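Structure, as structure tokens:
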Amino acid sequence: MIISQILNNNVAIVKKGSNSQTRGNEIIVYSKGVAFKHKAGDTIAETEIQKTYVLDSHDKLEHFSYLLSNTTDEYLQIVTKTIEYGEKVIKKDVSDYLYLALLDHIDFAIKRLEKDQIVKSPLDWEVRKFYPDHYKIGLYAVGLIEEATGKACPNEEAVSIALHFINLQAKGSEDDSMMRMMEAVRNILSIIKYHFRLDFEEESINYIRLVTHLQYFIVRMFKNEVFASNETELNRQIRKLYPDAYSCVNKIRVYVRDTFGKDLSEDEEAYLMLHIQRVAKREEEK
Numbered sequence: 001m002i003i004s005q006i007l008n009n010n011v012a013i014v015k016k017g018s019n020s021q022t023r024g025n026e027i028i029v030y031s032k033g034v035a036f037k038h039k040a041g042d043t044i045a046e047t048e049i050q051k052t053y054v055l056d057s058h059d060k061l062e063h064f065s066y067l068l069s070n071t072t073d074e075y076l077q078i079v080t081k082t083i084e085y086g087e088k089v090i091k092k093d094v095s096d097y098l099y100l101a102l103l104d105h106i107d108f109a110i111k112r113l114e115k116d117q118i119v120k121s122p123l124d125w126e127v128r129k130f131y132p133d134h135y136k137i138g139l140y141a142v143g144l145i146e147e148a149t150g151k152a153c154p155n156e157e158a159v160s161i162a163l164h165f166i167n168l169q170a171k172g173s174e175d176d177s178m179m180r181m182m183e184a185v186r187n188i189l190s191i192i193k194y195h196f197r198l199d200f201e202e203e204s205i206n207y208i209r210l211v212t213h214l215q216y217f218i219v220r221m222f223k224n225e226v227f228a229s230n231e232t233e234l235n236r237q238i239r240k241l242y243p244d245a246y247s248c249v250n251k252i253r254v255y256v257r258d259t260f261g262k263d264l265s266e267d268e269e270a271y272l273m274l275h276i277q278r279v280a281k282r283e284e285e286k
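By UniProt numbering, the letter at position 31 of the sequence shown is numbered 31, and the numbering carries on one by one without gaps.
Given below as structure tokens:
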């Protein structure tokens, strides 16, 4: 392999073939002290290489090259250790593209940490509940970040890191559906939040019941299962008792219809109003 560019002390771009004009045969390699042992144009033996990164496009290779040129070996080790741990947890090999995505994320996360900027993930509750193994990977990465920076890193960052592993696995229909369901729950919660102009108490029993109901509702919708017992009179009474909750449910109805092409049954509507009213009433009483 011929070194075409040294990126930092330990990382270089090499050409696998003898044709130096071919861009498609470039890969990135990690070799401890490569900058001190070699220079551009030198040949490097495969036995000297500790890690190889193969990306499927030149744009990704250039992006990764830029990141590696402007990062430290310590940050790269955080990424490498996180991915090695993640592969053991999910029992699956990941693509080299995850090194690029995770290095980009962690580099930015550490910069935010230095400025005391915390970004809360809107999928925090859902990731912890539905993807505990992936969340464990995120917590492991947070521990590495804290060790490297000497600063406390919020667990919200673990959710964001976990999402990289979830998204990587979301190529199968089951994982893709779960991501869509999580997104739907989040969007419906946002509709409720902004309709009533409230902040949820996420540890409250009423909030947990609402989220659980939404999750089952979304699952039924994805499976084309309609919950209906034709309790029209009950629905009518709840509308009269809780007109603001009914107004909110109408907004949810529009979202569901526009996004999924489905409508709410009277029973789904009634139970949604009850759950929403409980949460809104408790928040308003504070």
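By construction, the Cβ of each residue, glycine as well, lies at the ideal position given by its N, Cα and C atoms.
Being a predicted model, the structure only gives us computed values, none of them experimental.
Exposed or buried, which one is residue 157 when buried takes at least 16 other CB atoms within 10 Å? buried
Helix or strand or just coil, what does DSSP make of residue 5? strand
Would a C-beta distance cut-off of 7 Å place residue 134 and residue 166 closer than the cut-off? yes
Residue 218 beta carbon less than 7 Å from that of residue 185: yes
For a quick check, are the C-beta atoms of residue 96 and residue 140 less than 7 Å apart? no
How many Å lie between residue 64 and residue 93 at the Cα? 20 Å
Given this structure, state the Cα-to-Cα distance separating residue 250 from residue 191, to the nearest angstrom. 10 Å
With a 10 Å radius around its C-beta and 16 neighbouring C-beta atoms as the bar for buried, classify residue 196 as buried or exposed. buried
Return the first residue and the last residue of the alpha helix (DSSP H) that residue 66 is part of. 58-69
Cβ-Cβ separation, residue 144 to residue 103 (assumed contact under 8 Å), whole Å: Actually they are not in contact, since the Cβ atoms of residue 103 and residue 144 sit about 13 Å apart, beyond 8 Å.
Report buried or exposed for residue 277, applying the criterion of at least 16 other Cβ atoms within 10 angstroms of its Cβ. buried
Which stretch, first to last residue, makes up the beta strand (DSSP E) that contains residue 26? 26-30
Just list the alpha helix (DSSP H) runs in the stretch 111-143, keeping only unbroken ones of 4 residues or longer that don't cross its boundaries, in chain order. 124-130
Proximity to residue 10 [Cα-Cα], best of 3, 26, 34 and 2: 34
Excluding the 5 residues preceding and the 5 following residue 36 in the sequence, name in chain order all residues of the same chain whose CB lies nearer than 8 Å to its CB. 9
Please determine, among 153, 86 and 273, the residue with the shortest C-alpha to C-alpha distance to residue 116. 153
Whole-angstrom Cβ separation of residue 252 and residue 188, contact assumed at under 8 Å? 6 Å
Hey, quick one: how far does the alpha helix (DSSP H) through residue 53 stretch, first residue to last? Note, residue 53: premise wrong, no alpha helix (DSSP H); beta strand (DSSP E) at 51-53.
Going by CA-CA distance only, name the one from 75, 202, 262 and 240 that's closest to residue 220. 262
Taking DSSP's pairing of strands, which residues face residue 13 in a bridge? 5 and 28
Per DSSP, what kind of secondary structure is residue 267 in: helix, strand or coil? helix
Considering only C-alpha positions, which residue in the set 248, 78 and 257 is nearest to residue 271? 248
For residue 69, which residues in the same chain have their Cβ closer than 7 Å to its Cβ, ignoring the five residues on either side in sequence? 7 and 8
DSSP state of residue 72, grouped into three classes? coil
Do you know how far the Cα of residue 26 is from the Cα of residue 80? 21 Å
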